[in-house]
Structure formats: C-alpha cells, structure tokens
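*Asks:* Here it is, the structure, as structure tokens.
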Amino acid sequence: MIQVVKKSCKLQVNIKSKSISTSNKLSKLKTFNAETVLCGNISKVDYHNHTNFTDGKNTVEECVIKAIDKGLTTIGFSEHVSKNEEWMKEWFARYLEDIEMCKKKYTEIDILCGIEAKINDDNGNLNVDEKYIETVDYVIGVLHTYPKFKSNKDVKLKLLNKKQLVDIEELYNLSVLKNSNVDIIGHVGAIYKRFSRYGDLPLNAFENIIEMAGKVDIAFELSGRYHQGLTLPLLNLCTKHNTKVSFGSDAHHLKDIGLIIDVLKREL
8 MIQVVKKSCK
18 LQVNIKSKSI
28 STSNKLSKLK
38 TFNAETVLCG
48 NISKVDYHNH
58 TNFTDGKNTV
68 EECVIKAIDK
78 GLTTIGFSEH
88 VSKNEEWMKE
98 WFARYLEDIE
108 MCKKKYTEID
118 ILCGIEAKIN
128 DDNGNLNVDE
138 KYIETVDYVI
148 GVLHTYPKFK
158 SNKDVKLKLL
168 NKKQLVDIEE
178 LYNLSVLKNS
188 NVDIIGHVGA
198 IYKRFSRYGD
208 LPLNAFENII
218 EMAGKVDIAF
228 ELSGRYHQGL
238 TLPLLNLCTK
248 HNTKVSFGSD
258 AHHLKDIGLI
268 IDVLKREL
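Residue 8 is where the sequence shown starts when you use the working numbering, and the numbers rise one by one after that.
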C-alpha cells in the first residue's frame with residue numbers, strides 16, 4: 008500500500024478548460040491529484056448531482072441552497088441525457104436557464120453545468136447528440152446498462168459467472184474512455200455492484216480502468232454513493248497511475264448533496 012507523509016503534501020489541482028456557449032465565459036472544471044487527497048486535502052466540491060429535470064427530487068435552486076448550507080465551494084449538475092430529441096427539447100433549455108439564474112443569484116458558490124451520458128457500445132459512442140455537449144461545462148461518461156443485453160435484469164446475465172461479469176463491466180467502462188468528449192468517468196463498478204451477486208467490483212478491474220483513465224487524461228470519479236469502503240484503495244490506485252480524481256455524490260435528494268465529502272473524511 009502507498010505510504011503518504013502528510014507534512015510533505017502540497018495541494019495540486021488540475022484545471023481543464025472548456026468554452027461554454029451558454030454564458031460566453033471560460034468555465035473551469037477542477038480535478039484533483041490523488042496523493043493530495045490522501046494527505047487530507049479534500050476540496051469541498053461535488054460534480055455529480057441530479058434535479059427534478061430528470062430523476063432528482065429537487066429544483067436546481069434548492070440544490071444550490073443545500074450545497075451552500077453544506078459548505079461546498081462548488082456544485083456541479085450532471086443531468087441524464089438521451090438521443091431522444093423530443094425528450095431533450097422538453098427540458099434541456101430550461102435546465103441551462105435555471106443554472107445561469109442561480110450563478111447570478113448565488114455568487115458565494117461556484118456552479119457548473121454538466122451532463123451524465125451513458126455509453127451505447129464498446130466503441131465509445133455516447134447516448135447524446137454532440138450539440139448538447141457543446142453547451143455544458145463537462146461530461147460525465149458512465150455505464151448504465153450492458154449494451155448487448157436487454158436490461159440489467161436480463162435473465163442471461165444471471166447465467167454468467169463472476170469472471171464473465173467482471174470482464175463485461177471492465178470492457179464497457181474502458182469503452183467510455185475512448186470518447187474524447189468525456190471529462191470524468193463516473194461511478195465505475197456501480198452496475199456490477201447493483202445487478203450482480205458478487206458485491207464490489209474487484210480492485211484489479213478498477214485498476215485497469217484507472218490506469219487507462221490516467222493515460223487518456225480523464226478524471227476518475229470517487230463516488231459517495233457507490234465507493235463507500237473503497238475510497239482509500241481507489242485513491243492509492245489513482246496515485247500509482249497518476250490519474251486525476253473527481254468528487255461526485257450521484258445525489259438525487261438534498262440529503263445526499265456533498266455525500267462524497269463526508270465519505271472521504273470518514274474513510275481517510
């Protein structure tokens with residue numbers, strides 16, 4: 008296991024910039040050096056939050072107020088997206104407008120606008136039109152379903168053994184990393200954990216994904232929802248492979264905003 012001496016630690020932050028057409032400003036997504044986090048330098052940011060525009064329970068403004076109360080310095084929204092154009096037209100423009108309104112109203116916190124896009128195949132194609140990617144600060148690429156199966160509850164999945172399921176999970180998470188539009192790979196291991204009978208994804212599979220993320224300069228999300236009990240070994244792997252990390256709670260309720268910060272403080 009990697010040894011970290013706290014007194015020698017220096018704060019290291021990686022800033023990835025992307026031009027944002029919605030505000031005509033330069034937005035900055037901050038990702039973090041894993042060894043710095045291991046030293047206890049935990050920035051109070053949370054980039055993975057959902058609102059009632061998709062499957063969250065609260066408005067953008069309610070989430071911002073909660074983030075301020077929680078002491079966060081940055082909150083990022085990452086709504087689910089789709090190639091279903093009619094569905095996107097129903098809400099996406101209003102999503103951008105609400106975030107812009109909150110940026111002007113709540114200047115004491117940085118507010119970023121992102122999307123969570125799922126992988127469609129093993130070639131790195133995302134389930135979103137690129138025109139939406141151009142309007143946001145960052146993209147979280149995720150595995151939500153195993154593309155070659157009808158659903159995560161497909162009876163055929165139950166016939167696969169542990170190694171086969173690990174291989175599938177690894178294959179499609181590595182596919183996320185093929186897409187240059189992705190800034191963060193989100194909740195790695197979540198589908199395996201939720202729909203297999205084997206618990207957490209093995210660390211050797213995490214390591215293969217983390218190593219590739221480092222090579223292509225995509226941040227690895229530490230998830231408050233799915234990585235409880237794993238943050239220390241995952242940070243050690245990110246340190247080993249010089250992979251930047253991002254913080255995300257995958258919050259769908261106000262109580263879960265900033266959860267990843269609580270998890271890191273408890274486990275490190």
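Ideal Cβ placement from N, Cα and C applies to all residues, glycine included.
Alanine 226 lies in the beta strand (DSSP E); which residues open and close that run?
*Replies:* Where alanine 226 is concerned, the enclosing beta strand (DSSP E) stretches over 226-230.
*Asks:* Tell me which residues share the same chain as leucine 239 and place their Cβ nearer than 7 angstroms to its Cβ, disregarding the 5 neighbours each side in the sequence.
*Replies:* Contacts found: Glu274 and Leu275.
*Asks:* Between isoleucine 118 and lysine 111, is the Cβ-Cβ spacing less than 7 angstroms?
*Replies:* No, Cβ-Cβ distance for isoleucine 118 and lysine 111 is not below 7 angstroms.
*Asks:* First and last residue of the alpha helix (DSSP H) that includes lysine 170?
*Replies:* Run containing lysine 170: 169-183, per the alpha helix (DSSP H) assignment.
*Asks:* Within this structure, are the beta carbons of valine 143 and cysteine 120 separated by less than 7 angstroms?
*Replies:* Yes, the pair counts as a contact, with Cβ atoms nearer than the cut-off.
*Asks:* Who pairs with tyrosine 145 in a beta bridge, going by DSSP?
*Replies:* BP columns for tyrosine 145 point to Gly121.
*Asks:* Looking only at its own chain, which residues have a Cβ that is under 6 angstroms from the Cβ of threonine 38, when we skip the five neighbours before and after it?
*Replies:* Same-chain partners within the cutoff: Asn21, Ala226, Lys251 and Ser253.
*Asks:* Counting only beta-carbon atoms, is asparagine 211 nearer than 7 angstroms to chain D?
*Replies:* Here chain D cannot be found, since the structure has a single protein chain.
*Asks:* Within its chain, find whatever has a CB closer than 7 angstroms to the CB of valine 5; leave out the 5 residues flanking it on each side and keep chain order.
*Replies:* As displayed, the chain neither begins before 8 nor continues past 275, which places residue 5 out of reach and without an answer.
*Asks:* Just to confirm the assignment, what range does the beta strand (DSSP E) spanning isoleucine 82 have?
*Replies:* From DSSP, the beta strand (DSSP E) with isoleucine 82 extends over 81-87.
*Asks:* So threonine 66 and glutamate 86 are supposed to be a Cβ contact under 8 angstroms. How far apart are they, rounded?
*Replies:* Threonine 66 to glutamate 86, Cβ: 12 angstroms. No contact.
*Asks:* What's the gap between the Cα of threonine 203 and the Cα of threonine 114?
*Replies:* Checking the sequence, you will find serine at residue 203 rather than threonine. Spanning the two alpha carbons is a distance of roughly 43 angstroms.
*Asks:* Is it right to say alanine 258 is buried, meaning 16 or more other beta carbons lie within 10 angstroms of its own, or is it exposed?
*Replies:* By the neighbour-count rule (16 or more Cβ atoms within 10 Å), alanine 258 is buried.
*Asks:* Ordered along the chain, which non-local residues of its own chain (more than five positions away) have a Cβ less than 8 angstroms from that of lysine 169?
*Replies:* So the qualifying residues of the chain are Ser203 and Tyr205.
*Asks:* Which residues share a DSSP beta bridge with phenylalanine 213?
*Replies:* Bridge partners of phenylalanine 213: none, in fact.
*Asks:* When the Cα atoms are used, what is the spatial distance from threonine 81 to valine 149?
*Replies:* Distance between the alpha carbons of threonine 81 and valine 149: 21 angstroms.
*Asks:* Is phenylalanine 60 helix, strand or coil by DSSP?
*Replies:* The answer is coil: DSSP assigns phenylalanine 60 none of H, G, I, E or B.
*Asks:* Out of curiosity, what's the CA-to-CA distance linking leucine 33 and glycine 83?
*Replies:* Reliability of the predicted coordinates at leucine 33 is poor, the pLDDT of 42 falling under 50, and no value is obtained from them.
*Asks:* For histidine 234 and leucine 244, which I take to be in contact (beta-carbon distance under 8 angstroms), what is that distance rounded to the nearest angstrom?
*Replies:* Actually they are not in contact, since the Cβ atoms of histidine 234 and leucine 244 sit about 12 angstroms apart, beyond 8 angstroms.
*Asks:* So, with DSSP's three-state summary, where would you put glycine 221?
*Replies:* Three-state DSSP puts glycine 221 in a helix.
*Asks:* Going by alpha carbons, who is nearest to valine 282 out of Leu172, Val44, Glu92 and Leu36?
*Replies:* Past the edges of the chain, shown from 8 to 275, lies residue 282, and the structure says nothing about it.
*Asks:* From leucine 266 to asparagine 130, what does the alpha carbon distance come to, in whole angstroms?
*Replies:* One C-alpha to the other measures close to 32 angstroms.
*Asks:* Would you identify the three-state DSSP class for lysine 138, choosing helix, strand or coil?
*Replies:* The answer is helix: DSSP assigns lysine 138 an H, G or I state.
*Asks:* Please check the pair aspartate 53 and glycine 255, which I expect to be a contact at CB under 8 angstroms, by giving their CB distance rounded to whole angstroms.
*Replies:* That pair is a contact at about 6 angstroms.
*Asks:* What are the start and end residues of the beta strand (DSSP E) that includes valine 252?
*Replies:* 252-255 is the extent of the beta strand (DSSP E) around valine 252.
*Asks:* Do you know how far the Cα of isoleucine 116 is from the Cα of lysine 200?
*Replies:* So the alpha carbons of these two residues sit roughly 33 angstroms apart.
*Asks:* Helix, strand or coil, according to DSSP, for aspartate 190 in the structure here?
*Replies:* Coil at aspartate 190, not helix or strand.
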